[in-house]
Amino acid sequence: MAALLDIKGLRKQFGGVTALAGVDLTVNEGEILGVVGPNGSGKTTLFNSVTGVHRPTAGTVSWRGRDITGIPANAVSRAGIAYTFQQAMAFPGLSVFENVQIATEHCSNTLTNRPWTTPASLLEFVGLSGLSGEKAGILPFGRLRLLGLALALATRPSLILLDEPAAGLNDRETTTLVHLVEQFPEHGISVCVIDHDMKLMQMLCRRLAVLDFGSKIADGPTADVLNDPKVLEVYLGGAL
Amino acid sequence: MDILLQQILNGLSIASVITLIAVGVTLIFGLTGIINFAHGEFLMVGSIVTWLAVANGISFWLAILLAMIVVAVMGFALERGLFRFTLERPTNGFIVSLGLIIVLQHIVIFFWNANQKSIPRPLNTIWEMGGVRIASVRVMVIFITAAVVAMTFVAVTRSRYGRALRASVEDRDTAALMGIPVRRYITGVFVLGSALAGLGGGLLIALFPITPFTGGTMVMKGFAVALMGGLGNLTGAVVAGLILGIVEGLSAGYGFSEWTDAYSFGLMILVLLFRPNGLFGGTSGPKMA
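One line per chain: the protein sequences are A and B, in this order. Okay, so the first sequence: first residue is 1 according to the UniProt record's numbering, each after it adds one. Okay, so the second sequence: first residue is 1 according to the UniProt record's numbering, each after it adds one.
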């Protein structure tokens, strides 16, 4: 498997606070990688530093062998990396259809063919066809999450970064989400997902990386990582 | 009734110019959070360009086109040279705009003194209809504004650029993640807003004589209209402009002409008391990370 995204020695400092203390992480083509870690371990900062929301203090990010460290968010999107925020991500004052339309219109990468090229086909994939005329602001949270997923897919990415995609969702909504995300690799979309929900991570990911205080403390097959004493100690408080 | 119609028409023609300012103010605020109080000076520069062009024998129509272009270029330069550096802190942009008021006024006074300036009316016809005297120049101002505002409206609601603009107003970060070059849209909005102010200036000097200080009163009303409609909301600005025109016309028509300004600002205060986000709901500016 070829490395799609290769992060080396990534550091991010906010004033005196070190959020990321030099993290190495690779996302391979066609995989669903999970990143776990306690609150404040730097998971979201990691995504923000890759996608141009923050500028990393040090380290490099390469994308298919090209250095993309610190490039602005719209260029990251154009390169083929999509990102869904922890908060539901959508334009509340615009209709559901317009939301997806904007994302498809401004995607200028033609890297790969995707089964969903029109707003309608995307909405059908995530199961929101019936709501396309509604304002996004009135959608319940679970639906808004699915819309966020549609927006991310609309940019025709080769990699999607999901920040706590299941936070605030009930079991049924989570199952729907897992079912959708599982299909991404077969359509040529790799996934990197952050979440606390171990059940979700076990369902989705074959490989897990664990962050603690801004450093990576484990990386490997999900089962091995979950049995790693260091991980149990730090992440699960040794209680498993 | 006759007098009333005439006064409403008068009110609407002034309100047209104010609406052109309000649209610029509201679009710039929506995207950047900057309240550009120098927008009135942009309008005044538009009037001066029109005045200079007409004085040099250029036709009025060409002159307002020139005013739009000159002010648009000025807006571009100011965004690239000044406002760009205040995007992280819109309050700084607001303060910069206050400084710009003085700078722009005094540049104009330095070169062309502080006296009143006027141009011959581009249209002199006055229509008499059953005792109502309608100055064609006022009708022209209303029609040009209506056409330009309608075009802006269609562009913002129907085109892909308009959709991207509205998306950026709602959430700059998410818009950027969708591949929208938000910075370029910010420049674009400054250029568009400035061009509209330039047009407003050209139309204003066709109605009344102006001075280098005219911008101040106009921007106050433009801002009031933008607030009444809901800052950042284009529809709101247009509807509030229309309301302002009718209210000003009515108050003048019923013999309270010296109270016209009090009515418009009183109306603004009332609207904001009952609907703090304006008639159509505005944004509170971009979220600052």
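Backbone N, C-alpha and C define an ideal beta-carbon position, used for all residues, glycine too.
When only Cα atoms are considered, residue 280 of chain B and residue 153 of chain B end up about 15 Å apart. Rounded to whole angstroms, the gap between the alpha carbons of residue 253 of chain B and residue 262 of chain B is 15 Å. Within the segment 161 to 180 of chain B, the residues whose Cβ lies closer than 7 Å to some Cβ of chain A are 163, 164, 166, 167, 170, 171, 173, 174, 176, 177, 178, 179, 180, listed in chain order. Following the DSSP letters along the chain, one finds residue 150 of chain B inside the alpha helix (DSSP H) bounded by residues 136 to 158. For a Cβ distance threshold of 8 Å, residue set 74 of chain A lies close to residue 182 of chain B, ordered along the chain. When C-alpha distances from residue 133 of chain A are compared across A/165, A/218, A/92, the shortest belongs to A/92.
Exclusion of the five residues before and after residue 68 of chain A leaves 61, 62, 76, 79 as the residues of its chain whose Cβ lies within less than 7 Å of its Cβ.
Annotation: residue 224 of chain B is outside any beta strand (DSSP E); the continuous alpha helix (DSSP H) that includes it extends over 214 to 229. Secondary structure note for residue 263 of chain B: its alpha helix (DSSP H) is the uninterrupted segment 260 to 274. At least one beta carbon of chain B lies nearer than 7 Å to the beta carbon of residue 102 of chain A. Among the residues of chain B, those whose CB is under 8 Å from the CB of residue 77 of chain A are 176, 177, 178, 179, following chain order. Of all residues in the segment 35 to 62 of chain A, the ones placed with a Cβ closer than 8 Å to any Cβ belonging to chain B are 51, 52, 53, in chain order. With distances taken between CA atoms, residue 130 of chain B lies nearest to B/3 out of B/277, B/3, B/258, B/264. Excluding sequence positions up to five before and after residue 35 of chain A, its CB lies within less than 6 Å of the CB of 43, 194, 209, all in the same chain and listed in chain order. Restricting attention to beta strand (DSSP E) runs no shorter than 3 residues, the segment 175 to 222 of chain A encloses them at 190 to 194, 207 to 212, 215 to 221, ordered along the chain. In the three-state reduction of the DSSP assignment, residue 123 of chain B falls in the coil class, being assigned neither a helical nor a strand state. DSSP links residue 3 of chain A through a beta bridge to A/28. Comparing alpha-carbon positions, the option among A/89, A/64, A/82, A/47 lying closest to residue 146 of chain A turns out to be A/89.
Rounded to the nearest whole angstrom, the C-alpha separation of residue 206 of chain B and residue 61 of chain B is 11 Å. Residue nearest to residue 190 of chain A within the set A/143, A/214, A/159, A/98 is A/159 (criterion: CA-CA distance).
Residue nearest to residue 125 of chain B within the set B/166, B/137, B/159, B/9 is B/137 (criterion: CA-CA distance). Rounded to whole angstroms, the separation of the alpha carbons of residue 202 of chain A and residue 178 of chain A is 11 Å. At a cut-off of 7 Å, the C-beta of residue 30 of chain A has no neighbouring C-beta in chain B. Within the same chain, and ignoring the five residues on either side of residue 72 of chain B in sequence, the residues whose Cβ sits closer than 7 Å to its Cβ are 191, 194, 195, 198. The secondary-structure analysis by DSSP pairs residue 171 of chain A with nothing; it has no beta-bridge partner.
Residue pairing by DSSP places residue 11 of chain A opposite A/21, A/58 in a beta bridge. The segment 42 to 50 of chain B makes contact with the segment 70 to 84 of chain B, as at least three CB pairs between them are under 8 Å. In the DSSP assignment, residue 34 of chain A is bridged to A/193, A/208. Per DSSP, the beta-bridge partners of residue 128 of chain B are B/133.
Counted as a single uninterrupted DSSP element, the stretch harbouring residue 171 of chain B is not any beta strand (DSSP E), since DSSP gives it neither H nor E. Residue 228 of chain A sits in coil when the DSSP states are folded into three classes, being neither helix nor strand. With a cut-off of 8 Å on Cβ pairs, the segment 155 to 166 of chain B is not in contact with the segment 221 to 234 of chain A, counting fewer than three such pairs. Collapsing the DSSP output to three states places residue 84 of chain A in a strand. For residue 159 of chain A, the uninterrupted beta strand (DSSP E) segment begins and ends at 159 to 163.
Taking every protein chain shown into account, the CB of residue 56 of chain A has 16 or more other CB atoms within 10 angstroms, so this residue is buried.
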